[in-house]
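A.B. asks: Pasting in a structure now, in structure tokens, and then I'll have a few things to ask.
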Amino acid sequence: MDYLSNRYTYTLPLEQGSLTLWRIDGILLFSSDPNTLLGSSHYSKEHPKDNDDFFTHIGMYEQPALNVFRLAKFLPFVVEIHTNEANALDYWDKERQKVLGITTLLIVFSGALALALIVRYYKENERQRAQLSYEKQFRVAMEATQTGLWTWDFKINRIAWDPQCFLLLGLEPGVFEPSWDKIVALTHPEDALNMRSSIQEQIRAHSSFLIERRMKTANELWVWIQVRGKVIEWSKEHEPSLFTGVYINIDAQKRAEQLHLSAVAFETQEAILITDAKERVVKVNEAFTRITGYREQEMIGKTPRILKSDKHDNTFYESMWKGLLEHGYWQGELWNKRKNGEIYAESITITAIRDAKGKTTHYIANFNDITTHKAAQQQIQALAYYDPLTHLANRRLLDETLEQTIRHSIEERHFGALLFIDLDHFKELNDTYGHDAGDMLLVQTASRLKESIRESDMVARLGGDEFIVLLKNLGTQKGIAEHLTQSIAKKILALLYEPYALAHGNYLLGASIGCTIFGTHANIDGAMLIKEADIAMYQVKESGRGQVYFYDQKNPME
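For the sequence shown, my numbering gives the first residue as 50, with consecutive numbering after it.
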């Protein structure tokens with residue numbers, strides 16, 4: 050009993066409550082409250098059931114209180130604890146506060162954790178969105194700049210393209226599998242020629258390379274592609290094993306450069322004329338106007354035939370167009386006519402411009418005025434090949450032309466003839482009236498000789514009063530050739546017998562003509578023909594002059 054009293058007094062001070070021990074029959078055995086009378090019967094009518102506890106509220110101490118009754122097991126006692134409600138519930142309040150505190154901490158911690166997770170989620174989401182935005186921007190940038198990515202794995206000899214590479218060339222992924230051979234096949238032959246060696250040289254020097262090449266698209270068009278690459282892996286043998294790089298469409302840039310160069314080149318000292326495929330003029334430059342006299346407004350829509358001088362026949366133009374169509378260009382010399390009617394010479398190159406499919410779209414003519422040059426050239430040629438007095442071919446030009454004519458006659462089996470003409474008594478004219486009179490007569494003789502022959506034939510002056518007439522293409526029968534030669538020779542004699550108008554008055558003289566026929570024998574040359582005709586001419590001289598003899602014939606032909 051003392052133990053119970055001390056224990057309770059220690060844990061439950063008097064001001065907080067009391068401990069009472071009742072006998073089972075309701076007699077008070079002990080109380081920590083000094084005001085309670087021991088032995089009294091103060092047991093509540095309500096008593097606990099066996100092995101049960103119960104609570105009652107008692108309003109003593111002017112505050113809510115609790116009475117706790119407990120039936121002692123195996124003993125005939127009832128223990129009553131009387132305490133105020135606040136004290137009784139203080140433990141539970143503390144426990145509740147602990148629980149609330151822990152719960153609060155858990156909530157705060159959970160909230161902080163949730164907030165951290167939310168922040169992390171949003172940051173990750175923002176990062177992913179930024180990454181997606183960057184990738185989208187990258188794709189847009191690649192598409193906008195027409196750039197594609199590629200890799201080349203040397204270890205497995207595999208080339209990989211991203212979708213943009215296929216798009217650049219209009220190819221279908223999965224249908225076209227990129228490989229070195231296929232890429233070379235798509236490359237313009239001129240650019241593919243040294244492509245591999247160029248790449249290898251650049252890699253050895255810089256571990257990277259840059260080349261520009263034309264590649265064929267799916268619709269058969271050529272586009273300029275810039276290829277950049279870099280080695281990102283090397284083998285143990287220090288050989289490249291993995292490349293990466295880009296394809297960039299630079300076609301527009303190349304065309305712009307070409308247009309710039311064309312614009313610069315267009316305004317040069319060289320005349321430029323551009324027509325469409327139907328030969329209608331679409332553009333000329335200032336040099337063209339300066340040379341021809343035609344302004345651009347006067348030429349637009351017209352054809353270059355407006356410049357035609359008629360110094361070239363149809364055969365010439367047919368040959369020119371044949372070369373232009375076969376080779377894509379023609380180069381040569383033309384005689385054209387300026388706006389003022391003056392004939393001029395030009396050195397010209399005509400180029401056909403074709404599209405990617407090979408169809409001609411334009412013609413460009415570049416030319417220079419070479420009239421002055423031609424005049425100087427003709428003057429030099431005249432001094433070298435023509436007699437300065439009569440302007441007939443001299444011995445040098447005669448020899449060259451004669452050799453060509455002989456070869457042509459043998460090849461075509463056509464006959465030709467050579468006439469050696471010597472004026473009779475010409476020395477007497479010089480001795481009587483002087484060399485000026487003689488020169489005047491020689492000039493008139495040259496004019497008469499040119500009038501008596503065809504355009505394809507030739508007249509030359511050997512010197513003094515000796516002339517040569519070369520007749521070409523007299524047919525394939527010798528008899529006909531001799532007959533034609535005789536007719537022309539008689540015509541010449543008749544013209545030369547007409548009076549010459551000299552300073553002192555009219556003057557008469559004749560001529561002797563020796564002829565030889567050639568064309569079927571390969572063992573003959575020009576010098577031999579001249580000698581044969583000369584022999585025939587001297588036969589005429591010995592026979593009285595003023596006649597025509599053929600070589601090897603005894604009698605003159607009337």
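Here a beta-carbon is modelled for each residue, glycine too, at the ideal position from N, C-alpha and C.
What you are looking at is a predicted structure, and each value in this text was computed from that prediction instead of being measured.
1. For residue 492, which three-state DSSP category applies?
2. Report the residue from 366, 391, 420 and 360 whose alpha carbon sits nearest the alpha carbon of residue 399.
3. Which runs of the alpha helix (DSSP H), 4 residues or longer, sit entirely within the stretch 459-510?
4. For residue 379 and residue 416, what's the separation of their Cα atoms in angstroms?
5. I need the DSSP call for residue 144, collapsed to helix, strand or coil.
6. Let's test the definition: count the other Cβ atoms within 10 Å of the Cβ of residue 334 and tell me whether it reaches 16, buried, or not, exposed.
7. Which two residues bound the contiguous alpha helix (DSSP H) that contains residue 203?
8. Can you give me the Cβ contacts of residue 388 inside the same chain, cut-off strictly under 7 Å, excluding the 5 residues immediately before and after it?
9. Do you know whose CA, among 555, 518 and 155, lies nearest residue 482's CA?
10. Residue 197 CB to nearest chain E CB: under 7 Å?
11. Three-state secondary structure (DSSP) at residue 100?
12. Which runs of the alpha helix (DSSP H) spanning at least 4 residues fall entirely within the stretch 547-599, listed in chain order?
13. How far does the alpha helix (DSSP H) with residue 372 in it reach, from first residue to last?
14. On a Cα-Cα basis, can you pick out the residue from 541, 591, 213 and 466 that is closest to residue 294?
15. How many angstroms separate the CA atom of residue 158 from the CA atom of residue 148?
16. Taking 7 Å as the threshold (C-beta atoms), are residue 210 and residue 201 in contact?
17. Please confirm whether residue 557 and residue 464 have their CB atoms less than 7 Å apart.
18. Mind reading off the beta-carbon distance from residue 582 to residue 467? Whole number of angstroms is fine, and I expect it under 8 Å.
19. If you follow the alpha helix (DSSP H) that residue 537 is in, where does it begin and where does it stop?
20. So within the stretch 226-266, which uninterrupted alpha helix (DSSP H) runs reach at least 4 residues, ignoring any that extend past its ends?
21. So residue 412 and residue 419 are supposed to be a Cβ contact under 8 Å. How far apart are they, rounded?
22. Identify every residue that forms a DSSP beta bridge with residue 333.
23. If I measure Cβ to Cβ from residue 539 and keep anything under 7 Å in the same chain, skipping five residues before and after, which residues do I get?
24. Any idea what DSSP makes of residue 73, helix, strand or coil?
25. From residue 153 to residue 166, what does the alpha carbon distance come to, in whole angstroms?
26. List the DSSP bridge partners of residue 418.
27. So, does the stretch 484-499 touch the stretch 443-450, judging by three or more C-beta pairs under 8 Å?
28. Using beta-carbon positions only, say whether residue 472 and residue 506 come within less than 7 Å of one another.
29. If you follow the beta strand (DSSP E) that residue 212 is in, where does it begin and where does it stop?
30. Tell me which residue opens and which closes the alpha helix (DSSP H) that residue 346 is part of.
31. Kindly give me the distance between the Cβ atoms of residue 298 and residue 272, rounded to whole angstroms, as I take these residues to be in contact under 8 Å.
32. Does the Cβ of residue 76 have 16 or more other Cβ atoms within 10 Å, making it buried, or fewer, making it exposed?
33. Please report the straight-line C-alpha distance between residue 156 and residue 169, rounded to a whole angstrom.
34. What first and last residue would you give for the beta strand (DSSP E) that runs through residue 523?
35. Return the chain-ordered list of same chain residues with a C-beta closer than 8 Å to the C-beta of residue 361, the five sequence neighbours on each side being excluded.
36. For residue 81, count the other beta carbons within 10 Å of its own beta carbon; 16 or more makes it buried, fewer makes it exposed. Which is it?
C.D. replies: Quick look at the numbers:
1. Indexing the sequence shown from 1 puts residue 492 at position 443. Residue state, collapsed to three classes: helix.
2. Here residue 399 corresponds to residue number 350 of the sequence shown, with the count starting at 1. Relative to the Cα of residue 399, the nearest Cα in the group 366, 391, 420 and 360 belongs to 366.
3. DSSP runs (the alpha helix (DSSP H)) wholly in the stretch 459-510: 475-482 and 484-500.
4. Position 330 of the sequence shown holds residue 379. Position 367 of the sequence shown holds residue 416. Those two C-alpha atoms are separated by around 12 Å.
5. The residue given as residue 144 occupies position 95 in the sequence shown. Three-state DSSP puts residue 144 in a helix.
6. As a first step, residue 334 is located in the sequence shown; it is residue number 285 there, counting from the start. That one is buried.
7. Residue mapping note: residue 203 aligns to position 154 of the sequence shown, counting from 1. Per DSSP, residue 203 belongs to no alpha helix (DSSP H) and is neither H nor E.
8. By 1-based counting over the sequence shown, the position of residue 388 is 339. Contacts found: 341, 342 and 343.
9. Indexing the sequence shown from 1 puts residue 482 at position 433. Cα-wise, what sits closest to residue 482 is 555.
10. Note that chain E does not occur in the displayed structure, where there is just one protein chain.
11. As a position in the sequence shown, residue 100 is number 51, starting the count at 1. With a pLDDT of 43 at residue 100, under the threshold of 50, the predicted position of this residue should be treated as unreliable, and no value is reported.
12. Taken in chain order, the complete alpha helix (DSSP H) segments of 4 or more residues contained in the stretch 547-599 are 575-591.
13. The count along the sequence shown starts at 1 and reaches residue 372 at position 323. First-last of the alpha helix (DSSP H) with residue 372: 363-376.
14. For the purposes of this step, residue 294 is identified with residue 245 of the sequence shown, where counting begins at 1. Answer by Cα proximity: 213.
15. For this step, residue 158 is matched to residue 109 along the sequence shown. For this step, residue 148 is matched to residue 99 along the sequence shown. Annotation: residue 158 to residue 148 spans about 15 Å, alpha carbon to alpha carbon.
16. Residue mapping note: residue 201 aligns to position 152 of the sequence shown, counting from 1. Residue mapping note: residue 210 aligns to position 161 of the sequence shown, counting from 1. No, the pair does not count as a contact, with Cβ atoms beyond the cut-off.
17. Taking the first residue of the sequence shown as position 1, residue 557 is located at position 508. Taking the first residue of the sequence shown as position 1, residue 464 is located at position 415. Result no, Cβ atoms of residue 557 and residue 464 do not sit closer than 7 Å.
18. Reading the sequence shown from its first residue, position 533 is the one you call residue 582. Reading the sequence shown from its first residue, position 418 is the one you call residue 467. Going by Cβ atoms, the distance from residue 582 to residue 467 rounds to 5 Å, so yes, they are a contact pair.
19. Numbered from its first residue, the sequence shown carries residue 537 at position 488. Residue 537 -> alpha helix (DSSP H) spans 527-545.
20. If one requires a minimum length of 4 residues, the alpha helix (DSSP H) runs lying completely within the stretch 226-266 are 229-235, 238-241 and 244-255, in chain order.
21. In the sequence shown, residue 412 corresponds to position 363, counting from 1. In the sequence shown, residue 419 corresponds to position 370, counting from 1. No, residue 412 and residue 419 are not in contact; Cβ-Cβ is about 21 Å, not under 8 Å.
22. Numbered from its first residue, the sequence shown carries residue 333 at position 284. Its beta-bridge partners are 322.
23. Position 490 of the sequence shown, counting from 1, holds the residue named residue 539. Setting aside the 5 residues that flank it on each side, residue 539 is surrounded in the same chain by 597, each with a C-beta closer than 7 Å to its C-beta; the list follows chain order.
24. For the purposes of this step, residue 73 is taken as residue 24 along the sequence shown, with counting starting at 1. Residue state, collapsed to three classes: coil.
25. Within the sequence shown, numbered from 1, the residue matching residue 153 stands at position 104. Within the sequence shown, numbered from 1, the residue matching residue 166 stands at position 117. In a straight line, the C-alpha of residue 153 is about 19 Å away from that of residue 166.
26. For the purposes of this step, residue 418 is taken as the residue at position 369 of the sequence shown. According to DSSP, which records beta bridges pairwise, residue 418 is partnered with 395.
27. no
28. As a first step, residue 472 must be located in the sequence shown, where it is residue number 423. As a first step, residue 506 must be located in the sequence shown, where it is residue number 457. Taking 7 Å as the Cβ cut-off, residue 472 and residue 506 do not qualify as a contacting pair.
29. To locate residue 212, count along the sequence shown from 1; it is residue 163. Element bounds for residue 212: not the beta strand (DSSP E) but the alpha helix (DSSP H), 212-218.
30. Here residue 346 is taken as the residue at index 297 of the sequence shown, counted from 1. In the DSSP assignment, residue 346 falls within the unbroken alpha helix (DSSP H) covering 345-348.
31. Within the sequence shown, residue 298 is the residue found at index 249, counting from 1. Within the sequence shown, residue 272 is the residue found at index 223, counting from 1. With 8 Å as the limit, residue 298 and residue 272 qualify as a contact, their Cβ atoms being about 6 Å apart.
32. Here residue 76 is taken as the residue at index 27 of the sequence shown, counted from 1. Label assigned to residue 76: exposed.
33. Within the sequence shown, residue 156 is the residue found at index 107, counting from 1. Within the sequence shown, residue 169 is the residue found at index 120, counting from 1. When rounded, the distance between both Cα atoms is 19 Å.
34. Residue 523 sits at position 474 when you count from the first residue of the sequence shown. For residue 523, no beta strand (DSSP E) encloses it, and the DSSP letter there is neither H nor E.
35. In the sequence shown, residue 361 corresponds to position 312, counting from 1. Taken in chain order, the residues that qualify are 383 and 384.
36. The sequence position of residue 81 within the sequence shown is 32, counting from 1. The C-beta of residue 81 has 16 or more other C-beta atoms within 10 Å across all chains shown, which makes the residue buried.
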